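Each remark here refers to the structure printed beneath this line.
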Amino acid sequence: CGPPIRVDATPFPDPSGLQATTYAIASWQVVCNITKPKPQAARCCVSFSAFYNDSAIPCNTCACGCKDIDTDTCNANARPLLLPPDTLLVPFDNRTLKAKVWAKQKHMAVPKKLPCPDNCGISLNWHLNSDYGNGWSARITVFNWGNNAVEDWFGAVDLGKAG
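Below, the structure is given as structure tokens:
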């Protein structure tokens, strides 16, 4: 913003509705230019899964971009493969075999060209474990696959209509 410049005192109408005007002791004008930050690729992603599906749902394909990915070897537009829940603990490069075995066990189709990774340094999975009449239980798992510093973060859950 630029420096403040003194201008004529600002008039304020009387709040009671009378036709009286009160003037500010002093008024200044400040001019600011709004700039947009440069767009950046996301560095993290969130996925959700629940007790009524025994598969875990990973983050979307290319959720954090596919800039440095050879899309001749993977499909940047394909949906991610569903996984057994423990496979979320495995880095993407080591998930392929487990994903294929899981798909075969669950009678799910596996595309010839597999989905590209999410490319996120940090992933968070929210899994709703159970839906009890007197309460819910959930698991939230945060993974930091890269060298991303995660400082001063917090998580908040609001299940206002859950019970």
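Going by full-length UniProt numbering, the sequence shown opens with residue 1, and the numbers climb by one from there. In this text, a Cβ means the ideal position worked out from N, Cα and C, and glycines have one as well. Note that this is a predicted model, so its numbers are computed, not measured.
Q | 4 or more residues per run - each alpha helix (DSSP H) lying fully within the region 60-143 | A | Fully enclosed alpha helix (DSSP H) runs of 4 or longer: 96-105.
Q.
Which of the three DSSP states is assigned to Phe51 in this structure?
A. Sequence index remark: in the sequence shown, residue 51 carries index 51 (1-based). Coil at Phe51, not helix or strand.
Q: Quick one: measure Cβ to Cβ for Ala63 and Cys45, integer angstroms, because I've assumed they're closer than 8 Å.
A: The residue labelled residue 63 in the question sits at position 63 within the sequence shown. The residue labelled residue 45 in the question sits at position 45 within the sequence shown. Indeed they touch by this definition, with Cβ atoms about 4 Å apart.
Q.
Could you check whether the region 42-61 touches the region 72-92, counting it as contact only if at least three pairs of C-beta atoms, one from each stretch, sit closer than 8 Å?
A. Between the region 42-61 and the region 72-92 there are three or more C-beta pairs closer than 8 Å, enough to call the two in contact.
Q: Compare the C-alpha of Val150 against each of Arg43, Lys36, Arg139 and Gly135 and name the closest.
A: Taking the sequence shown and counting its residues from 1, one reaches residue 150 at position 150. Of the listed residues, the one whose Cα sits closest to Val150 is Arg43.
Q. Is the region 46-56 in contact with the region 8-28, if contact means three or more CB pairs nearer than 8 Å?
A. By the Cβ rule, the region 46-56 does not count as touching the region 8-28, because fewer than three pairs are nearer than 8 Å.
Q) Taking buried to mean at least 16 other C-beta atoms within 10 Å of its own C-beta, is residue 184 buried or exposed? A) The structure shown has nothing for residue 184, since the chain only spans 1 to 163.
Q.
So, for Ile57: in the same chain, excluding its five sequence neighbours on each side, which residues have a beta-carbon less than 6 Å away from its beta-carbon?
A. Against the sequence shown, residue 57 aligns to sequence position 57. Same-chain partners within the cutoff: Ser47 and Ser49.
(Q) Just list the residues that DSSP pairs Ile25 with in beta bridges. (A) Translated into positions along the sequence shown, residue 25 becomes position 25. Bridge partners of Ile25: none, in fact.
Q | Neighbourhood of Gly2 by C-beta distance below 8 Å, restricted to the same chain and skipping five residues each side | A | Along the sequence shown, one-based indexing puts residue 2 at 2. Excluding positions up to five away in sequence, the list reads Val30, Val31 and Cys32.
Q: Give the secondary structure of Pro11 by DSSP, where H, G and I count as helix, E and B as strand, and everything else as coil.
A: For this step, residue 11 is matched to residue 11 along the sequence shown. Strand at Pro11.
Q. Can you tell me whether Phe92 is buried or exposed, with buried defined as 16 or more other CB within 10 angstroms of its CB?
A. Against the sequence shown, residue 92 aligns to sequence position 92. Buried, because 16 or more other Cβ atoms sit within 10 Å of the Cβ of Phe92.
Q) Buried or exposed: where does Ile140 fall if 16 or more other Cβ atoms within 10 Å of its Cβ makes it buried? A) Working through the sequence shown from its first residue, we reach residue 140 at position 140. Within 10 angstroms of the beta-carbon of Ile140 lie fewer than 16 other beta-carbons, which makes it exposed.
Q.
Tell me the DSSP secondary structure of Arg43 in three-state form.
A. As a working mapping, residue 43 is identified with position 43 in the sequence shown. Three-state result, Arg43: coil.
Q | Candidates Gly155, Asp118, Leu18 and His127, of which the one nearest Gly65 by Cα | A | For this step, residue 65 is matched to residue 65 along the sequence shown. Among Gly155, Asp118, Leu18 and His127, the Cα nearest to that of Gly65 belongs to Asp118.
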